[in-house]
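Inspection log for the structure reproduced underneath, given as structure tokens.
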Ligand SMILES: *Cc1c(COP(=O)(O)O)cnc(C)c1O
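Numbering (my numbering), first residue to last: 26 to 443.
Laid out in structure tokens, this is it:
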């Protein structure tokens, strides 16, 4: 097929010259020469983080010692960091807490959702969700005597409208699919779940910091998400939990640790949940990690989510156009939605040697990742990627595939983390 308009590198540079977010790259410390397309798995290091962590360690911990819980505000970090995240997902003040891992938060909110709909027996979710979500859902179902109904992503809306919908306690979905980047219509699905009388629980792991989310506008109930991906909070950064204010008094979450208590330092023998979002907390927060995340979130200061989305779409569209034009004849197939309205900030391609292709790209300084069985996945973090990085990445991909570089034995060696 004749291509009249394959974008050139000069076209990519022109897009960069017009990019209102171009300056945001300086907020990150990136290794020179590397094209990092894995910010959806572990975000890059924002410049303020190292100094902040150093000062929390040496000044606040080393010198302030236990007094820093009060004087350095450690005891309120889960809330202030939660509020910073809340601004990126359209939450109100006091609706987001930074705590625990996404898996743990999912467990807490799922059990709490069941306790708010005690007469309903079904958790509705989708096939192909991120494994941890599926594992937690199955365990909660076993623990609470519920049934899990799994449908294809396109089957969610029909299922909530179907006859058994009065038995659905909670619908739990990941907004942007980790494999393909396919994005659910969050407001529409939320409305449908709620009109069936169910609660809606969103996993925003691959959305937050990459696509605009308006939880207040959507009238959302519950959400969880991850902060080491597009929020750049660092490896193992605390996750977050969102509970709409109107549900907070009802929230009866199962991990009744002392920091979710109304008066932790009264040391009472019985649990009384804190008023507000604090009841979503459990035990003592990881202060060093919270401080790193707090500093990392400053990279979003003054960033318009509309501009962020426009840049993300522009990067993924360029990648798709180049893969179509230059790699189509080498058996590299697009596995992500072509329609930008249904796509998050990542693009995956399918190839029988996806693992080896990703390894060969890494050897060339282009970092993406492999998702079994046959996907090479590329995340486009709009704050620090340039259009010409995308162009160069496809040039490398072409060299790896067309030159069959992926067949070199060293690219077939498997590591523990892919
Ligand atoms: C990354 C991710 C998680 C991570 O869970 P952790 O408990 O923080 O390891 C959970 N769910 C989804 C959909 C993810 O993409």
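For glycine and all other residues, C-beta sits at the position ideal for the given N, C-alpha and C. Note that the coordinates shown come from a computational prediction; the quantities given were computed from them, not determined experimentally.
In the assembly as shown, residue 310 is a buried residue. Its beta-carbon has 16 or more other beta-carbons within 10 Å. Short of 8 Å from the beta carbon of residue 207, and not among the five residues preceding or following it, lie these beta carbons of its own chain, in chain order: 178, 201, 361, 362, 367, 368 and 369. Residue 368 sits in a strand when the DSSP states are folded into three classes. A direct Cα-to-Cα measurement between residue 108 and residue 322 gives close to 11 Å. Counting other Cβ atoms within 10 Å of its Cβ, residue 91 stays below 16 and is therefore classed as exposed. Distance check between residue 145 and each of 193, 393 and 84 places 193 closest, using alpha-carbon atoms only. Of the candidates 191, 235 and 231, 191 places its Cα closest to the Cα of residue 217.
Separation of residue 131 and residue 138 (C-alpha to C-alpha, rounded to the nearest whole angstrom) is 10 Å. Contact check for residue 313 against residue 258 fails: the beta carbons are separated by 7 Å or more. At least 7 Å separates the beta-carbon of residue 415 from that of residue 61. In this structure, the alpha-carbon of residue 382 lies about 49 Å from that of residue 301. Assignment of residue 114 by DSSP, reduced to helix, strand and coil, places it in the coil class. At least one heavy atom of ligand 1 sits closer than 6 Å to the Cβ of residue 203.
Pairwise C-beta distances place the region 345-362 in contact with the region 370-378, as three or more of them are shorter than 8 Å. Residue pairing from DSSP leaves residue 168 without any beta-bridge partner. Setting aside the 5 residues that flank it on each side, residue 425 is surrounded in the same chain by 382, 385, 386, 389 and 431, each with a C-beta closer than 8 Å to its C-beta; the list follows chain order. In the three-state DSSP reduction, residue 248 falls in the strand class (E or B). Where residue 225 is concerned, there is no enclosing alpha helix (DSSP H), although the beta strand (DSSP E) around it starts and stops at 224-228.
For the 7 Å CB-CB criterion, residue 269 and residue 251 do not form a contact. In chain order, 125, 266, 278, 279, 280, 305 and 307 place their CB closer than 8 Å to the CB of residue 133, counting only its own chain and leaving out the 5 sequence neighbours on each side. Proximity to ligand 1 was defined by a C-beta distance below 7 Å to any of its heavy atoms, and the residues meeting it, in sequence along the chain, are 126, 127, 128, 129, 154, 155, 157, 158, 199, 203, 228, 230, 231, 251, 254 and 264.
Between the beta-carbon of residue 249 and that of residue 127 there is about 5 Å, and that keeps the pair under the 8 Å contact cut.
When DSSP states are grouped into helix, strand and coil, residue 151 belongs to the strand group.
Counting only runs of at least 4 residues, the region 302-329 fully encloses the following alpha helix (DSSP H) elements, listed from N- to C-terminal order: 312-322. Per the coordinates, the alpha-carbon of residue 213 lies some 16 Å from the alpha-carbon of residue 151. Residue 172 counts as exposed, since fewer than 16 other C-beta atoms from the protein chains shown sit within 10 angstroms of its C-beta. Here DSSP, grouped into helix, strand and coil, assigns residue 271 to helix.
Excluding sequence positions up to five before and after residue 72, its CB lies within less than 7 Å of the CB of 52, 53 and 54, all in the same chain and listed in chain order. Annotation for residue 241: the continuous alpha helix (DSSP H) segment containing it runs 240-243. When rounded, the separation of the alpha-carbon atoms in residue 104 and residue 95 is 14 Å.
In this structure, residue 64 lies near residue 404, with their beta-carbon atoms less than 7 Å apart.
If you draw a 10 Å sphere on the C-beta of residue 168, you find fewer than 16 other C-beta atoms in it, and that means exposed. Taking the C-beta atoms as reference points, residue 102 is found no nearer than 7 Å to residue 256. Taking the Cβ atoms as the reference, residue 136 lies roughly 18 Å from residue 174, outside the contact range of under 8 Å. About 6 Å separates the beta carbon of residue 245 from that of residue 215, a gap short enough to meet the 8 Å contact definition. In this structure residue 410 is not in contact with residue 333, their Cβ atoms being roughly 12 Å apart against a cut-off of 8 Å.
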